[in-house]
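These notes are about the structure you will find just below.
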Amino acid sequence: MKKYIALIILIMLIFQTTVFALDLGRINIDAINITNEPNYESKVLDKLNKNDHINILDSTDNYYKIKAPSGKTGWIDKFFVNVQPQRYFFNTCGTNANLRMSPTTSSKIIGQVEDGGKLKYIDTFHSWYVVEYKGMEAFVASWLGDIVSDGSHLVHFIDEPINIRTNPSLEGEVISRGYKYDGYKYLGEEYGWFKLGLDDGSQGYAAGWLLSLDNNFYINNILSFKNTTDNLRLRSGPSLNHEIITVMPKNTEVRVIELEGEWNKIVTWDGYVGFCHDDYLEETLPLSGKTIVLNPGHGGKDPGAISSSGRFEKDVNLSVSFMVRDVLEDFGANVVMTRDKDTYISRVARAKMADDLNADIMFSIHHNALNNSNYYGMSTYYDTKGNKSGAESSRLAESIYDSVVGINSIYRDGIYDRNFEVLRSTNTPAALIEIGFMTNAWEEKNIQNYSFQQEVSRQIAFGILDYFKTK
Ligand SMILES: [Zn+2]
5 MKKYIALIIL
15 IMLIFQTTVF
25 ALDLGRINID
35 AINITNEPNY
45 ESKVLDKLNK
55 NDHINILDST
65 DNYYKIKAPS
75 GKTGWIDKFF
85 VNVQPQRYFF
95 NTCGTNANLR
105 MSPTTSSKII
115 GQVEDGGKLK
125 YIDTFHSWYV
135 VEYKGMEAFV
145 ASWLGDIVSD
155 GSHLVHFIDE
165 PINIRTNPSL
175 EGEVISRGYK
185 YDGYKYLGEE
195 YGWFKLGLDD
205 GSQGYAAGWL
215 LSLDNNFYIN
225 NILSFKNTTD
235 NLRLRSGPSL
245 NHEIITVMPK
255 NTEVRVIELE
265 GEWNKIVTWD
275 GYVGFCHDDY
285 LEETLPLSGK
295 TIVLNPGHGG
305 KDPGAISSSG
315 RFEKDVNLSV
325 SFMVRDVLED
335 FGANVVMTRD
345 KDTYISRVAR
355 AKMADDLNAD
365 IMFSIHHNAL
375 NNSNYYGMST
385 YYDTKGNKSG
395 AESSRLAESI
405 YDSVVGINSI
415 YRDGIYDRNF
425 EVLRSTNTPA
435 ALIEIGFMTN
445 AWEEKNIQNY
455 SFQQEVSRQI
465 AFGILDYFKT
475 K
């Protein structure tokens with residue numbers, strides 16, 4: 005598990021004013037409770053999942069009062085919230101931009117925004133921006149403008165050293181270098197890259213997947229997984245004097261997020277947060293005993309999509325699959341790949357492999373293509389008609405989508421019930437991801453980037469983990 009050990013530093017207080025002024029956030033861990041008071045031991049009001057969007061209403065030193073997607077309000081440890089900057093759609097198309105009911109040019113126009121005008125940006129879906137218009141959500145085509153922000157919000161590097169470039173792509177000239185925990189003014193994003201304000205007043209770009217949108221560095225906040233070796237009291241602080249939150253039976257798996265001396269700060273899969281003494285915990289591999297069939301799409305005579313730069317989908321599918329396999333094996337899973345080289349295998353034969361192995365899940369990795377090069381985004385798929393494990397498949401597709409969509413350079417394209425041959429020809433719970441569009445020039449560049457592939461692979465593996473743990 006060493007790969008997941010992040011250096012924990014507490015610098016939240018330094019930036020408290022920045023954080024306090026903002027009101028949008030995103031949950032950074034799956035299955036976490038909110039409570040009716042700012043502590044771990046009070047009544048549980050709701051459970052939130054990774055990448056749920058929340059509104060921040062109030063704050064103490066260590067907790068936010070938030071409004072959950074369900075409409076309920078409650079308190080949560082700041083550790084589990086990534087604060088988002090206020091972003092705007094800025095119309096740069098030279099004329100009025102239409103605001104529509106849904107993300108398609110055939111849907112009803114409900115308003116317009118003039119050239120140079122701004123509207124609050126909420127999210128991206130199906131290559132359209134979701135914006136706030138007269139208190140409602142409206143859609144505007146993303147190719148009509150940019151996502152901008154006023155520079156009052158800092159973003160931080162989560163890796164080092166990272167190049168800052170003149171343009172939002174690897175082809176931009178390197179003008180500066182950013183180091184882990186460095187903060188920069190966030191000015192907006194283009195093509196999955198963040199536009200940053202530099203100290204000398206100039207601007208540059210860095211890859212979004214290497215940055216945290218706020219000063220909370222705990223994005224991938226699980227240090228290790230441990231099992232209780234006895235019936236164990238979960239306490240509200242790191243000593244025997246603290247209140248008991250709940251009692252966990254022997255062999256309960258917990259997620260360790262911080263170490264304080266001999267005490268582990270943990271989150272249970274029921275969503276409780278608290279402290280346990282290390283003497284009663286032992287490390288465990290969270291996916292041991294699970295068999296996962298990983299299916300890199302296409303291969304051999306079937307290249308899959310061909311990008312504008314002439315690259316084959318089958319190759320990038322295989323590269324990403326190897327990375328996903330490595331993370332899943334670190335979690336203790338038994339991973340079987342339908343192919344580990346450039347060979348042709350029919351979809352039905354691949355699907356049968358999962359049934360023959362009596363696998364727990366099957367997961368296919370693809371990249372998308374469309375005759376309209378404007379389109380970009382990540383989508384996942386499952387089948388409920390032919391596959392007898394339709395409900396489980398749906399949950400798997402959702403779990404992986406919710407994990408991967410947290411990457412700053414990944415944009416939502418939806419979760420769909422589709423009768424794909426590889427999904428319907430097995431009765432094993434099965435899902436498929438289209439990571440991005442190879443026919444979109446900028447997304448294709450991100451797709452081919454090694455560090456982007458690594459981050460996507462990690463988040464796919466965490467999505468699979470969440471699927472197994474939260475059923
Ligand atoms: Zn494909």
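First residue of the sequence shown? That's 5 in the working numbering, and the numbers climb one at a time after it. Note that beta-carbon positions come from the ideal geometry of N, C-alpha and C, so glycine has one too.
What residue does the alpha helix (DSSP H) around residue i start on, and which one ends it?
i, result
"Asp127", "Run containing Asp127: none in the alpha helix (DSSP H); it sits in the beta strand (DSSP E), Lys122 to Phe129."
"Lys467", "Correcting the residue type first, residue 467 is Gly in the shown sequence and not Lys. Gly467 -> alpha helix (DSSP H) spans Tyr454 to Lys473."
"Trp446", "Ala445 to Ile451"
"Met357", "Arg351 to Asp360"
Please report the distance separating the alpha-carbon of residue i from that of residue j.
i, j, result
"Val331", "Val460", "11 Å"
"Ala353", "Asp360", "10 Å"
"Asn241", "Glu247", "Correcting the residue identity first, residue 241 is Gly in this sequence and not Asn. Distance between the alpha carbons of Gly241 and Glu247: 8 Å."
"Ile13", "Trp267", "The predicted position of Ile13 is uncertain, since its pLDDT is 32 and thus under 50; no value can be drawn from it."
"Val339", "Ile296", "5 Å"
"Gly303", "Lys122", "46 Å"
"Val251", "Phe279", "12 Å"
"Leu26", "Asn86", "In this prediction, Leu26 has a pLDDT of 49, which is less than 50 and means its spatial position is unreliable; what the coordinates show is noted afterwards. Using only the alpha carbons, I get a separation of about 11 Å."
"Asn372", "Met327", "19 Å"
"Ser156", "Asn167", "22 Å"
"Arg343", "Asn299", "7 Å"
"Ser216", "Phe161", "6 Å"
"Ile70", "Ala35", "16 Å"
"Ile38", "Leu52", "7 Å"
"Thr430", "Asp364", "12 Å"
"Ala355", "Glu45", "46 Å"
"Lys473", "Tyr379", "34 Å"
"Asn100", "Ile151", "17 Å"
Starting from residue i, trace the beta strand (DSSP E) in both directions and tell me its first and last residue.
i, result
"Lys199", "Trp197 to Gly201"
"Arg428", "No beta strand (DSSP E) contains Arg428, which is instead part of the alpha helix (DSSP H) from Glu425 to Arg428."
"Met442", "First-last for Met442: undefined, no H or E at that position."
"His246", "Here His246 belongs to no beta strand (DSSP E), and DSSP marks it neither H nor E."
"Lys189", "Gly187 to Glu194"
"Glu141", "Met140 to Ala145"
"Asn299", "Thr295 to Pro300"
"Asn338", "Asn338 to Met341"
"Asp81", "Thr77 to Asp81"
"Ala211", "Gln207 to Ala211"
"Gly115", "Ile113 to Val117"
"Gln90", "Unbroken run through Gln90: none, as it is neither H nor E."
"Phe229", "Ser228 to Thr232"
Any idea what DSSP makes of residue i, helix, strand or coil?
i, result
"Glu317", "helix"
"Glu396", "helix"
"Trp273", "coil"
"Met5", "With a pLDDT of 32 at Met5, under the threshold of 50, the modelled position of this residue cannot be trusted; read the value that follows with caution. It is coil, neither helix nor strand."
"Glu286", "strand"
"Met327", "helix"
"Ala401", "helix"
"Glu438", "strand"
"Val409", "coil"
"Ala25", "In this prediction, Ala25 scores a pLDDT of 43, lower than 50, which makes its location untrustworthy; the coordinate-derived value is nonetheless stated afterwards. Three-state DSSP puts Ala25 in coil, outside helix and strand."
"Asp50", "strand"
"Leu332", "helix"
"Ile13", "For Ile13, the predicted model reports a pLDDT of 32, less than 50, meaning its position is unreliable; a value from the coordinates is still stated below. DSSP places Ile13 in coil when its eight states are reduced to three."
"Leu374", "coil"
"Leu236", "strand"
Quick one, are the C-beta atoms of residue i and residue j less than 9 Å apart?
i, j, result
"Ile468", "Ile404", "yes"
"Lys54", "Ile80", "no"
"Leu202", "Asp163", "no"
"Tyr432", "Asn391", "It is Thr, not Tyr, that sits at residue 432 in the sequence shown. Result yes, Cβ atoms of Thr432 and Asn391 sit closer than 9 Å."
"Val409", "Met382", "yes"
"Phe84", "Ile31", "yes"
"Glu257", "Lys230", "yes"
"Arg169", "Val178", "yes"
"Lys124", "Val135", "yes"
"Gly336", "Ser407", "no"
"Gln90", "Leu49", "no"
"Ala211", "Gly192", "no"
"Ile369", "Ile310", "no"
"Tyr209", "Asn171", "yes"
"Tyr276", "Leu238", "yes"
Using a Cβ-based criterion (distance less than 8 Å to any ligand heavy atom), does residue i qualify as near ligand 3?
i, result
"Val152", "Ligands displayed in this structure: ligand 1; ligand 3 is not among them."
Next on the checklist: Any contact between the stretch 418-432 and the stretch 384-403? By contact I mean 3 or more CB pairs, one from each, below 8 Å.
Outcome noted: yes
Next on the checklist: Tell me whether the stretch 134-145 and the stretch 181-193 touch, counting them as touching only if at least three CB pairs, one residue from each stretch, are closer than 8 Å.
Outcome noted: No: the two stretches stay apart, fewer than three of their Cβ pairs being nearer than 8 Å.
Next on the checklist: I want to know whether the stretch 303-317 touches the stretch 267-287 - three or more CB-CB distances under 8 Å.
Outcome noted: no
Next on the checklist: Would the stretch 102-111 count as touching the stretch 61-81 if we require 3 or more Cβ pairs under 8 Å?
Outcome noted: no
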